[in-house]
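Shown next, in structure tokens, is the structure this report addresses.
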Amino acid sequence: MKRIDCLGLLGMFVLLMLRMAAVDAFAGTVPDTGQTKCYDVAGNVITCPSPGQALYGQDANYTINPPSYTKLDSKGKVLSDSATTWAMVRDNVTGLIWEVKTNKDGYSNYNDPHDADNVYTWYDPSDPLNIGYSSNHDTKDFLDALNSARFGGYSDWRLPTIKELAYLVRYDIPSPGPTIDTQYFPNTVALGYWSSTTTASYPSLAWIVHFYSRYCYGYSKDNYRYVRAVRGGQESGYKDNGDGTVTDTSTGLMWQKEIPDELKTWEEALSYCENLTLGGYTDWRMPTIKELRSLADYD
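Quick note on our numbering: the sequence shown kicks off at 385 and runs consecutively.
This is the structure in structure tokens:
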């Protein structure tokens, strides 16, 4: 079994700085991680520092685009937060609509594509790199069942990309999780879920998100893993602002274009970002893990 970790891929970006660009809100905005605790360089929990203090600027110092969800019934009608049954969830930050799983009892039921215990091999005959592994229970069968039934009144359900799936992870929930908001996503299994994204270096693998460890990594497509369907979304793009900054038009984030030549410790990096003046702006900060992952080019 081959497996590659996406956190290593992100290491090259560790000193990219960002700020919120002045753009309208739209689907694709990066949700907050949910992290509320601050730490010192040894990993000890500390009182969150104030502006100007050492270690200020870490994730818990900022709450930007806090997670927000709306329950929907099987026809897409909005329900109250107090609803005890619902079929779909709308992510109010990204605009994506997610399938909700049911009947988590340890037994698969493939007559019900929403059954939380169902696992599938990864199979997409349209994938240009590697179509994966067709089986009696594969991801194409799963999506065909949802779309042929017009679940929620729609026939455009798909597997989420690795970025979309990772946006669901909550970083304030420790292992064993599941590291997701179970108030809206009940019956989530604290194991790996398939994304639609093939790993570029090893096309026989696809990216998964593990809702026990919060990691994402490549996994062999002939293995059986869990799935959650999604619909909606938009393409990403970048705009060079000509002042040393680049705006991601899909997330609204503005990034420093060139990074410093020298490596920095985490504490030095936090200070560098907080004190940066670039493009006429002074509100630069270190990106969260979700924001940093949004830059990764999985092609």
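For glycine and all other residues, C-beta sits at the position ideal for the given N, C-alpha and C.
(request) Could you check the C-alpha separation between I515 and D508 for me, to the nearest Å? (result) Taking the first residue of the sequence shown as position 1, residue 515 is located at position 131. Taking the first residue of the sequence shown as position 1, residue 508 is located at position 124. Cα-Cα distance, rounded: 5 angstroms.
(request) Can you check DSSP and say which residues form a bridge with M472? (result) Counting from one through the sequence shown, the residue named residue 472 turns up at place 88. M472 is bridged to L456, E483.
(request) In angstroms with no decimal places, state the Cα-to-Cα distance between G427 and D556. (result) As a working mapping, residue 427 is identified with position 43 in the sequence shown. As a working mapping, residue 556 is identified with position 172 in the sequence shown. Take the alpha-carbon of G427 and the one of D556: they are about 15 angstroms apart.
(message) For the beta strand (DSSP E) containing D624, name the first residue and the last one.
(response) Your numbering for residue 624 matches position 240 in the sequence shown. Counting along the chain, D624 sits inside the beta strand (DSSP E) bounded by residues 622-624.
(request) Determine the DSSP secondary structure at Y656, reduced to helix, strand or coil. (result) The residue you call residue 656 lines up with position 272 of the sequence shown. Three-state result, Y656: helix.
(request) If I'm right that T447 touches D496 with Cβ under 8 angstroms, what's the distance once you round it to whole angstroms? (result) Within the sequence shown, numbered from 1, the residue matching residue 447 stands at position 63. Within the sequence shown, numbered from 1, the residue matching residue 496 stands at position 112. At roughly 38 angstroms, the Cβ-Cβ gap does not stay under 8 angstroms, so T447 and D496 are not in contact.
(message) So for L676, helix, strand or coil by DSSP?
(response) Working through the sequence shown from its first residue, we reach residue 676 at position 292. Looking at L676 - three-state DSSP - the assignment turns out to be helix.
(message) With distance defined between alpha-carbon atoms, name the residue in D667, D565, Y538 nearest to P451.
(response) Residue 451 sits at position 67 when you count from the first residue of the sequence shown. Closest by alpha carbon: D565.
(request) Pull up the distance between the alpha-carbon of D408 and that of L637, whole angstroms please. (result) For the purposes of this step, residue 408 is identified with residue 24 of the sequence shown, where counting begins at 1. For the purposes of this step, residue 637 is identified with residue 253 of the sequence shown, where counting begins at 1. Its pLDDT being 36, under 50, D408 is placed unreliably in this model, and the coordinates cannot settle the point.
(message) Does R669 come out as helix, strand or coil in the three-state DSSP assignment?
(response) Within the sequence shown, numbered from 1, the residue matching residue 669 stands at position 285. Correct three-state label for R669: strand.
(request) Check whether the region 628-642 touches the region 673-681, taking contact to mean three or more Cβ pairs, one atom from each stretch, closer than 8 angstroms. (result) Judged by Cβ distances under 8 angstroms, the region 628-642 makes contact with the region 673-681, as three or more pairs qualify.
(message) Applying the 10 Å Cβ sphere with the 16-neighbour rule, what's the burial state of L679?
(response) Taking the sequence shown and counting its residues from 1, the one referred to as residue 679 is at position 295. Counting Cβ neighbours within 10 Å, L679 comes out buried, since at least 16 surround it.
(request) Take the Cβ of E642 as the centre, count every other Cβ of all protein chains shown within 10 Å, and call the residue buried at 16 or more, exposed below. (result) Position 258 of the sequence shown, counted from the first residue, corresponds to residue 642. Exposed.
(message) Less than 8 angstroms between C-beta atoms, sequence neighbours within five positions excluded: which residues of the same chain meet that for A584?
(response) Numbered from 1 along the sequence shown, position 200 holds the residue referred to as residue 584. Once the five neighbours on either side are set aside, the close Cβ partners of A584 are L513, Y682, D683.
(request) Counting only runs of 4+ residues fully inside the region 482-548, write out the alpha helix (DSSP H) ranges in chain order. (result) 523-532
(request) Can you have a look at L549 and say buried or exposed, based on whether 16 or more other CB atoms are within 10 angstroms of its CB? (result) By 1-based counting over the sequence shown, the position of residue 549 is 165. By the neighbour-count rule (16 or more Cβ atoms within 10 Å), L549 is buried.
(request) State the start and end residues of the unbroken beta strand (DSSP E) segment that holds L589. (result) Counting from one through the sequence shown, the residue named residue 589 turns up at place 205. Run containing L589: 589-594, per the beta strand (DSSP E) assignment.
(message) Are the CB atoms of M670 and L654 within a distance shorter than 8 angstroms?
(response) As a first step, residue 654 is located in the sequence shown; it is residue number 270 there, counting from the start. As a first step, residue 670 is located in the sequence shown; it is residue number 286 there, counting from the start. Yes; because the gap between Cβ atoms is below 8 angstroms, this pair is in contact.
(request) Please name the residue, chosen from W470, Y577, L402, that lies closest to D522 on a Cα-to-Cα basis. (result) Reading the sequence shown from its first residue, position 138 is the one you call residue 522. That would be Y577, whose Cα lies nearest to the Cα of D522.
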